[in-house]
Amino acid sequence: MTTQVTTMEALQKELDRLNRTPALSATVDKVDKIIEMLTSVKDQIVQSGMDTHVASMAITKTQNPIKSTFEKINDDLKGVTATQRKLGKMLDKHFPLKDLPSEHDAMADQEPLINRAISMHLLREGQFSVASTFIEETGDAASLEHVNAVIEGQEQANTSDNYDDEPMDEDDEDDEDQDEEEEEEEDEDEDEDEEEEEEDEDEVMSPLEGVLATGSGFQQLQSLSSLQSHELEAKFSQMYTILQDIKSKNLLSAIEWARSNSVELEARGSNLEFELSRLQYVWLFKGPAVNGLPDNEFNGTAGALLYARQNFWRFGNRYTGEIQQLANAQIYAPNLPESPYWKTFATETAFADVASSFTREFCSLLGLSAESPLHVAVTAGALALPLLIKYQQATRAKGTEWTTTNELAFETPLPERMLYHSIFVCPVSKEQTTETNPPMMIPCGHVLAKETLQRLLKGTRFKCPYCPAEGLEKDARRIMI
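Each residue of the sequence shown is one higher than the one before, starting from 1 at the first, in the UniProt record's numbering.
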């Protein structure tokens, strides 16, 4: 720890020295001055009709000023360059380049998933054109051809079903008798085809559903071509449009979206719709002097009360207490900052908070996490990388190696927001449970790893290692933590 403090102090001194160096804005002014002098000499020579005597005199007069100015510029640059060079040497000394651990590349065979994560990140960030270009350049060609073939096939089928009858030519009338004989032979086959078509019409599938209905549907979904859905891009475009409105303190589009998805939000236990309506009430309550909205009956305390009467009835059963607080605040309108409700009407961070909640709920309804998985993975990897490098250096020095491929030999300290679930360690074997060795709850309530339970079996029965209870193997249940 002492070494780290000393290192940071030395770096801070170099940074302070760099900050004390003269700004280069004065140097830029000197360069502009040289340009002005050269331009003036040029104009004098042109006006003299290219007189050699005038040209020689003008150049001679400006030679010394230009030379001295150049010397001042070089002196300024030398001082800054020397300080930057010292800082660079200090960084190289205390933070030398180290080889990244590459012995076990867990993502070497996961390129499609990596490309998909990058594409999803670009879409989530609103970089739609960049995402489209990335998908085109790195997409799974075979999967893309398969999707296009399915879509093209359905379009052709729709075209053939909707063709128009054309008038017959005279030549066609001559062949009509022969065609009738062939049609009679095909009647039986057509009857069978009609029965099959009737069965197919019972369930109409979209092109994408047709892809997913194939045996490789999951692989198709994992590929980049599945991201080429205009619907997905439209969803994210809608999200960013609404976020821009929230940033501009316009909540109407967000409230409209929340109401159109109120059933799904209610099923999730979300309070987004009420939070948006509550903030709209507060924003109207502030009045035109704060919210900048028109000064009419729909703004101010009267407008807020009218808005509450029109919209808060839908939240009466669930948010009665909150609605009563908002209504009681009408009494303290002349001196709201000194009232008990001043925290409820504070809007410094309210719009940013509701924007974060909206993003989280919007992504959840799309089946996505609130944060970009790529951002989370890169951040967690950056936190773990220094420890991994230090561990590998220690194992190489001792000639040892960690052989377990599905876990690290040390714990990575992650922030609380990156801890998604608990980890269970079997109290008997002291092993961390995995997908192949999950935690199992036995009838007495104790939890063991599956492999531990298998070792305790005597036939189909076992005895709990922590209590006198006995049980059957079939009574053990896997638990999800």
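Don't be surprised by glycine CBs; every beta carbon is placed ideally from N, CA and C.
Residue i to residue j span [Cα, whole Å]
i	j	result
residue 88	residue 16	14 Å
residue 276	residue 356	12 Å
residue 95	residue 393	15 Å
residue 100	residue 389	7 Å
residue 240	residue 108	34 Å
residue 78	residue 62	24 Å
residue 333	residue 305	12 Å
residue 27	residue 73	6 Å
residue 126	residue 454	51 Å
residue 491	residue 134	What is shown of the chain runs 1 to 481, which leaves residue 491 out entirely.
residue 458	residue 467	17 Å
residue 379	residue 324	43 Å
residue 57	residue 75	29 Å
residue 237	residue 129	12 Å
residue 318	residue 472	46 Å
residue 412	residue 97	22 Å
residue 13	residue 29	29 Å
residue 311	residue 258	13 Å
residue 81	residue 38	27 Å
residue 71	residue 22	16 Å
residue 376	residue 264	26 Å
residue 499	residue 291	Nothing in the structure corresponds to residue 499, since the chain is present only between 1 and 481.
residue 256	residue 267	18 Å
residue 397	residue 90	27 Å
residue 437	residue 445	18 Å
residue 430	residue 395	23 Å
residue 480	residue 235	32 Å
residue 330	residue 339	11 Å
residue 9	residue 85	18 Å
residue 52	residue 36	21 Å
residue 59	residue 40	10 Å
residue 272	residue 400	54 Å
residue 313	residue 432	51 Å
residue 308	residue 132	44 Å
residue 248	residue 64	58 Å
Own chain residues within Cβ distance below 7 Å of residue i, not counting five before or after
i	result
residue 261	365
residue 428	448, 452 and 465
residue 233	123 and 128
residue 118	134 and 374
residue 342	336
residue 391	409 and 410
residue 450	437, 438 and 440
residue 483	Residue 483 falls outside the range modelled here, since the chain spans only 1 to 481, and no answer is possible.
Residue(s) in a DSSP beta bridge with residue i
i	result
residue 432	425
residue 462	471
residue 477	441
residue 447	441
Same chain, Cβ closer than 6 Å to residue i, five either side skipped, listed in chain order
i	result
residue 293	299
residue 475	443
residue 172	Unreliable placement is indicated for residue 172, whose pLDDT of 47 sits below 50; the coordinate value is still reported in the next sentence. Counting only Cβ-Cβ distances below 6 Å, and skipping sequence neighbours, we find nothing.
residue 121	372 and 374
residue 34	66 and 69
residue 469	444
Beta-carbon proximity check, residue i vs residue j, cutoff 8 Å
i	j	result
residue 280	residue 251	yes
residue 499	residue 414	The requested residue 499 is not part of the displayed model; the chain covers only 1 to 481.
residue 477	residue 441	yes
residue 18	residue 83	yes
residue 361	residue 422	no
residue 54	residue 45	yes
residue 352	residue 359	no
residue 278	residue 231	no
residue 439	residue 462	no
residue 315	residue 274	yes
Residues of its chain near residue i, where Cβ-Cβ distance is below 8 Å and the 5 sequence neighbours each way are ignored
i	result
residue 245	251, 252, 253 and 254
residue 297	303 and 306
residue 282	304, 326, 344, 345, 347 and 350
residue 288	294, 295, 299 and 300
residue 243	355, 358 and 359
residue 7	94
residue 20	none
Alpha helix (DSSP H) segments (min. 4 residues) lying fully within the region 365-405: 373-398
Hey, which unbroken runs of the alpha helix (DSSP H) at 4 residues or more fall wholly within the region 54-115? none
Please go through the region 261-322 and give each complete alpha helix (DSSP H) segment of 4 or more residues, from N-terminal end onward. 262-267, 272-286, 288-291 and 300-311
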